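The block underneath contains the structure these notes are about, expressed in structure tokens.
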Amino acid sequence: MPKPATPHTAESSKPNAINLATSKLGAAPLLPADIVGSALTLRLQQYLKQQDISQIWNAYRYADEAHQGVVRKTGEPYITHPVSVACILAELHMDVPTISAALLHDVVEDTDISTLDIKEKFGQQVAELVDGVTKLDKIEFQSASVAQAENFRKMLLAMSQDVRVILVKLADRLHNMQTLEAMRPEKQKLIAKETLDIYAPIANRLGLNAIYQELEDLSFQYLHPMRYQAISNAVKAARGNRKEVVSKILESIKHQLVTMNVDAEVSGREKHLYSIYKKMTGKMTAFSQIYDIYGFRVVVKDLTSCYVALGALHTLYKPIASKFKDYIAIPKANGYQSLHTTLFGPFGTPIEVQIRSIEMHNIADAGVAAHWLYKANDAQLTALQQKTHQWLQRLLEIQSDSADSLDFLEHLKIDLFPDEVYVFTPKGKILALPKGATAVDFAYAVHSGIGNSCVAVRINQDLAPLRTELHNGDHVEIITGALAKPNPAWLNYVVTGRARAHIRQFLKSQQSTESAHLGERMLNQALRALHVEPSHITEAHWQKLVRDYGLKKKSEILTDIGLGKRQNLMVAHQLLAMTDENLAKHTKLPAKSLDTITIHGTEGMAVQFAQCCRPIPGDPILGFINKDKGLVIHTHDCPSVRKFKLDPDKWLDVEWEPESERLFKTNLNLTVANQPGMLAKIASGIADAGSNIDNVSVEEADGSAYANLYFTVQVKNRVHLADLMRGLRKIPDVVRINRAKGNVASVVKKPSL
Ligand code: MN
55 MPKPATPHTA
65 ESSKPNAINL
75 ATSKLGAAPL
85 LPADIVGSAL
95 TLRLQQYLKQ
105 QDISQIWNAY
115 RYADEAHQGV
125 VRKTGEPYIT
135 HPVSVACILA
145 ELHMDVPTIS
155 AALLHDVVED
165 TDISTLDIKE
175 KFGQQVAELV
185 DGVTKLDKIE
195 FQSASVAQAE
205 NFRKMLLAMS
215 QDVRVILVKL
225 ADRLHNMQTL
235 EAMRPEKQKL
245 IAKETLDIYA
255 PIANRLGLNA
265 IYQELEDLSF
275 QYLHPMRYQA
285 ISNAVKAARG
295 NRKEVVSKIL
305 ESIKHQLVTM
315 NVDAEVSGRE
325 KHLYSIYKKM
335 TGKMTAFSQI
345 YDIYGFRVVV
355 KDLTSCYVAL
365 GALHTLYKPI
375 ASKFKDYIAI
385 PKANGYQSLH
395 TTLFGPFGTP
405 IEVQIRSIEM
415 HNIADAGVAA
425 HWLYKANDAQ
435 LTALQQKTHQ
445 WLQRLLEIQS
455 DSADSLDFLE
465 HLKIDLFPDE
475 VYVFTPKGKI
485 LALPKGATAV
495 DFAYAVHSGI
505 GNSCVAVRIN
515 QDLAPLRTEL
525 HNGDHVEIIT
535 GALAKPNPAW
545 LNYVVTGRAR
555 AHIRQFLKSQ
565 QSTESAHLGE
575 RMLNQALRAL
585 HVEPSHITEA
595 HWQKLVRDYG
605 LKKKSEILTD
615 IGLGKRQNLM
625 VAHQLLAMTD
635 ENLAKHTKLP
645 AKSLDTITIH
655 GTEGMAVQFA
665 QCCRPIPGDP
675 ILGFINKDKG
685 LVIHTHDCPS
695 VRKFKLDPDK
705 WLDVEWEPES
715 ERLFKTNLNL
725 TVANQPGMLA
735 KIASGIADAG
745 SNIDNVSVEE
755 ADGSAYANLY
765 FTVQVKNRVH
775 LADLMRGLRK
785 IPDVVRINRA
795 KGNVASVVKK
805 PSL
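Be aware that the sequence shown starts at 55, since it is given in the working numbering, and climbs by one per residue.
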């Protein structure tokens, strides 16, 4: 394994590269902290007041104290790292909180100091920035796929919230890359790869060109030391020869444009090493064929001038037809617009030229970030997003001309992806979900089968309810059950269309089967009331009725009856009318009143037990037909049925099947002495009575001697419930116990999964 070449020095890299930390600070080993510190002061003095600088020095002393005695792999005192990171950010003229946060960025992670300590000492803003960087350090990127890298970048940005957090992180990474030599070779490659996949593209997208190029070249150097060296040498050699050629071409282009009356700014630039390497590998060419280590850029005043300039250049040098690209007519996905052409220059040198208007140029520089951050088709940016956009643009201006403008760097808290949240699957894949998405949304996003059978979720190793809202960077693992089914309550909190559609679809098909069964019973009840034996209705009668209704199947009619969309008596009359014989025989007799419908508790979703009163066998009950829910059973005395009672069309007589052994849910309300172990005693009392607990909620006032417990328990009937309550009453310290009916909000609200 060849040793990587020495890191960048000022002369080997671009003129505007931020490499001061390397060139001036990293040059000598074992640099004492005070010298690094004075390098920072020098930079701060260029744009900050003395009073701001002393504030930053407080942060420096605090960090120095905290990292005291710790030495970096490079052998330098640890404090040299945060100070170098601060230096990089001072080059960008970042504000006082950002520089302070840079100095303190490893304090929470590596020492006993907490975010709270930082807040007390340096205020909310600095604490939030440090906290943001600490959080970013904790998430790990595993998957190698390109799409996943993109999602990971978005996750990092979304977690940053404040753009300054990501800037500190990028500066941190840059300095770590600049001092990577001290690491083991395997570690070097790992970090370099991550930098290339994640951090360099972020810097690029944010328009931080100097940081971007340095990150790429440093990564390249550690990933492919030999190739890096070869290209670096070749560029150095070529630079001498080409200088003359380049300035000659530059002059010709300028002259030609003036002749053709095109007002333009023309510039030439040298490409960074990694971009040359990418070009070579992408096109499988040798370095000798990569002539365009220099690119030319022509910036004109408007769109029309772009094409005029193009024509002028094509007259000057012959274009290579296959290389021409019109990104003005067809902009790139990120909104980038330009004309790209490659010309046969003098001495057979291909010349790469980009032509664009001033407006396009601005978007290409700052707008790339803007277009990437906001969805391409979002015509209207929110005020906050516009602010980010402007802010990034200003950042670019600072980079290019070091203009002094601190005023805009105040209180920037920006949600870069206000609509999305990024989470990890157990395999380390990243899923993007809409903000507010819950574990159920996640389950359906993975696979509809997982969604349909999910029972619980583990978020960052901890069990959590399915309704839990997910946050950026969460590791989510769904627990499924073989017999589990979607719960209608999920519809109350899922936010993705996919989850909603799958749950609805499942419920609909299940409900229609169950409703058809109920509908059949209701129809038979009506037929008997008309003195017709249901078995006398033939298949032919049914076929005719189905056709008359414009439907396809008998079951559709039965489902409609079960769901309350058709009246059972009406359908019975129509069936009866099909047969003259029956009609003649039966219509003379007066109709009997309808039989009651027997409730078995096995009707599934076709019959629902109202959550307000939770009826159990033995309770006098009423059934109400609800157009969406089907038959809903309430107790006679339930307060919420009072208004329906006046409208007999809406209710059905129902009764319990006498011998049901099934368990039904009902609510209990207990007042108990507020003592440790009470809940356990009551729970075992419930179990002893052969009942199950479905749900518990506790309501205790601070300092009160008593607490209220709400249980949803499962019992067979009223007798069973009475036994249970008698048993619980015997427990000492149970003050009061009663069955809860009506609005027990705290119980009803909870999902019963
Ligand atoms: Mn660090």
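Idealized CB from N, CA, C, for every residue including glycine.
Note that this is a predicted model, so its numbers are computed, not measured.
With 16 other CB atoms within 10 Å as the buried threshold, where does Gln-391 fall?
Within the sequence shown, numbered from 1, the residue matching residue 391 stands at position 337. Counting Cβ neighbours within 10 Å, Gln-391 comes out buried, since at least 16 surround it.
Identity of the residue in Glu-657, Arg-601, Pro-519 and Arg-521 nearest Glu-574 by Cα
The sequence position of residue 574 within the sequence shown is 520, counting from 1. Of the candidates Glu-657, Arg-601, Pro-519 and Arg-521, the one whose C-alpha sits nearest the C-alpha of Glu-574 is Glu-657.
From the DSSP output, which residues share a beta bridge with Pro-404?
Position 350 of the sequence shown, counted from the start, is the residue given in the question as residue 404. DSSP output for Pro-404 lists Phe-398 as bridge partner(s).
For the ligand MN, I want to know if Val-139 counts as a neighbour, meaning its beta carbon is within less than 8 Å of at least one of the ligand's heavy atoms.
Stepping through the sequence shown from its first residue, residue 139 is reached at position 85. Val-139 has its CB nearer than 8 Å to a heavy atom of the ligand MN.
Is the beta carbon of Arg-772 sitting closer than 9 Å to the one on Ile-651?
The count along the sequence shown starts at 1 and reaches residue 772 at position 718. The count along the sequence shown starts at 1 and reaches residue 651 at position 597. No, these two residues do not count as a Cβ contact at 9 Å.
Under three-state DSSP, which class holds Leu-605?
Position 551 of the sequence shown, counted from the start, is the residue given in the question as residue 605. If DSSP states are grouped into helix, strand and coil, Leu-605 belongs with coil.
Contact under 9 Å by Cβ, Pro-540 with His-556
Sequence index remark: in the sequence shown, residue 540 carries index 486 (1-based). Sequence index remark: in the sequence shown, residue 556 carries index 502 (1-based). Result yes, Cβ atoms of Pro-540 and His-556 sit closer than 9 Å.
At what residues does the beta strand (DSSP E) containing Tyr-547 begin and finish?
The count along the sequence shown starts at 1 and reaches residue 547 at position 493. It is not in any beta strand (DSSP E) - Tyr-547 carries neither H nor E in the DSSP assignment.
Using only alpha-carbon positions, find the residue among Leu-244, Ile-256 and Asn-230 that is nearest to Arg-207.
Numbered from its first residue, the sequence shown carries residue 207 at position 153. Taking only the C-alpha atoms, the option nearest Arg-207 is Ile-256.
Contact between the stretch 169 to 179 and the stretch 123 to 137 is defined here as three or more beta-carbon pairs at a separation below 8 Å; is this criterion met?
With the cut-off at 8 Å, the stretch 169 to 179 and the stretch 123 to 137 do not touch.
Please state whether the Cβ-Cβ distance between Gln-579 and Asn-622 is less than 9 Å.
For the purposes of this step, residue 579 is taken as residue 525 along the sequence shown, with counting starting at 1. For the purposes of this step, residue 622 is taken as residue 568 along the sequence shown, with counting starting at 1. Yes. Within cutoff.
Consult DSSP for Arg-554 and reduce its assignment to one of helix, strand or coil.
Residue 554 sits at position 500 when you count from the first residue of the sequence shown. If DSSP states are grouped into helix, strand and coil, Arg-554 belongs with the helices.
Here's the rule I'm using: 16 or more other beta-carbon atoms within 10 Å means buried, otherwise exposed. How should Ala-420 be labelled?
Residue 420 sits at position 366 when you count from the first residue of the sequence shown. For Ala-420, the predicted structure reports a pLDDT of 44, less than 50, and the residue's modelled location is therefore unreliable. A value from the coordinates is still provided. Buried is the call here.
Stretch-stretch touch, CB-based, cutoff 8 Å, three pairs: the stretch 372 to 380 with the stretch 392 to 400:
A contact exists between the stretch 372 to 380 and the stretch 392 to 400.
Whose CB is closer than 5 Å to a heavy atom of the ligand MN? List the residues in chain order.
Checking every Cβ against the heavy atoms of the ligand MN under 5 Å gives Asp-160 and Asp-226.
Local conformation of Asp-469 per DSSP, three classes
The residue labelled residue 469 in the question sits at position 415 within the sequence shown. Any answer about Asp-469 is weak, because its pLDDT of 46 lies below 50 and its placement is not dependable; what the coordinates show is given next. Coil.
Residues of its chain near Ala-117, where Cβ-Cβ distance is below 7 Å and the 5 sequence neighbours each way are ignored:
Numbered from its first residue, the sequence shown carries residue 117 at position 63. Excluding residues within five positions, the ones whose Cβ falls inside 7 Å are Ile-133, Pro-136, Leu-157, Leu-158 and Val-161.
I'd like the list of long-range same chain contacts for Lys-608, defined as Cβ closer than 7 Å, with 5 residues on each side in sequence excluded.
Locating residue 608 in the sequence shown gives position 554, where the first residue counts as 1. The beta carbon of Lys-608 sits closer than 7 Å to those of Trp-596 and Val-600, all from its chain and outside the five residues before and after it, given in chain order.
Going by Cα to Cα distance, which pick from His-525, Glu-709, Gly-482 and Gln-515 is closest to Lys-489?
Counting from one through the sequence shown, the residue named residue 489 turns up at place 435. Residue nearest to Lys-489 within the set His-525, Glu-709, Gly-482 and Gln-515 is His-525 (criterion: CA-CA distance).
Cross-strand partners of Gln-768 (DSSP beta bridge)
Here residue 768 refers to the residue found at position 714 of the sequence shown. According to DSSP, Gln-768 bridges with Lys-719 and Asn-746.
Contact belief for Val-354 with Ser-411 at Cβ below 8 Å, rounded distance in angstroms:
Indexing the sequence shown from 1 puts residue 354 at position 300. Indexing the sequence shown from 1 puts residue 411 at position 357. About 6 Å; that satisfies the 8 Å criterion.
Any contact between the stretch 716 to 727 and the stretch 773 to 793? By contact I mean 3 or more CB pairs, one from each, below 8 Å.
Enough Cβ pairs lie closer than 8 Å, so yes.
Take every Cβ of the stretch 757 to 775, pair it with every Cβ of the stretch 727 to 744, and state whether three or more of those distances are shorter than 8 Å.
The stretch 757 to 775 vs the stretch 727 to 744: in contact.
Roughly how many angstroms separate the alpha carbons of Glu-711 and Gln-564, rounded to a whole number?
If you number the sequence shown from 1, residue 711 lands on position 657. If you number the sequence shown from 1, residue 564 lands on position 510. C-alpha separation (whole angstroms): 23 Å.
Quick check on Asp-185: does DSSP put it in helix, strand or coil?
Here the question's residue 185 lines up with position 131 in the sequence shown. Reduced to three states, the DSSP call for Asp-185 is helix.
In the DSSP assignment, what are the bridge partners of Pro-373?
Along the sequence shown, read from residue 1 onward, the residue named residue 373 stands at position 319. Partner residues in the beta bridge of Pro-373, as assigned by DSSP, are Leu-397.
Please list, in chain order, all residues of the same chain as Gln-809 whose beta carbon is under 8 Å from its beta carbon, the five residues on each side excluded.
Nothing can be reported for residue 809, as the shown portion of the chain is limited to 55 through 807.
Sub-9 Å separation of Lys-241 and Leu-277 beta-carbons
As a working mapping, residue 241 is identified with position 187 in the sequence shown. As a working mapping, residue 277 is identified with position 223 in the sequence shown. The Cβ-Cβ distance between Lys-241 and Leu-277 does not fall below 9 Å.
Who does Ala-727 pair with in a DSSP beta bridge?
The residue given as residue 727 occupies position 673 in the sequence shown. In DSSP, Ala-727 forms a bridge with Tyr-760.
Are Val-289 and Leu-234 closer than 9 Å when you measure CB to CB?
To locate residue 289, count along the sequence shown from 1; it is residue 235. To locate residue 234, count along the sequence shown from 1; it is residue 180. Cβ atoms of Val-289 and Leu-234: not closer than 9 Å.
Enclosing beta strand (DSSP E) for Tyr-476 [first to last residue]
The sequence position of residue 476 within the sequence shown is 422, counting from 1. First-last of the beta strand (DSSP E) with Tyr-476: 474 to 478.
Per-residue DSSP class, three states only, for Arg-115:
Translated into the one-based positions of the sequence shown, residue 115 becomes position 61. Here Arg-115 sits in helix by DSSP.
How far does the beta strand (DSSP E) with Leu-685 in it extend, from its first residue to its last?
Reading the sequence shown from its first residue, position 631 is the one you call residue 685. For Leu-685, the enclosing beta strand (DSSP E) has its first and last residue at 684 to 689.
Return helix, strand or coil for Arg-521, following the three-state DSSP convention.
As a working mapping, residue 521 is identified with position 467 in the sequence shown. Under the three-state reduction of DSSP output, Arg-521 falls in the coil class, being neither helix nor strand.
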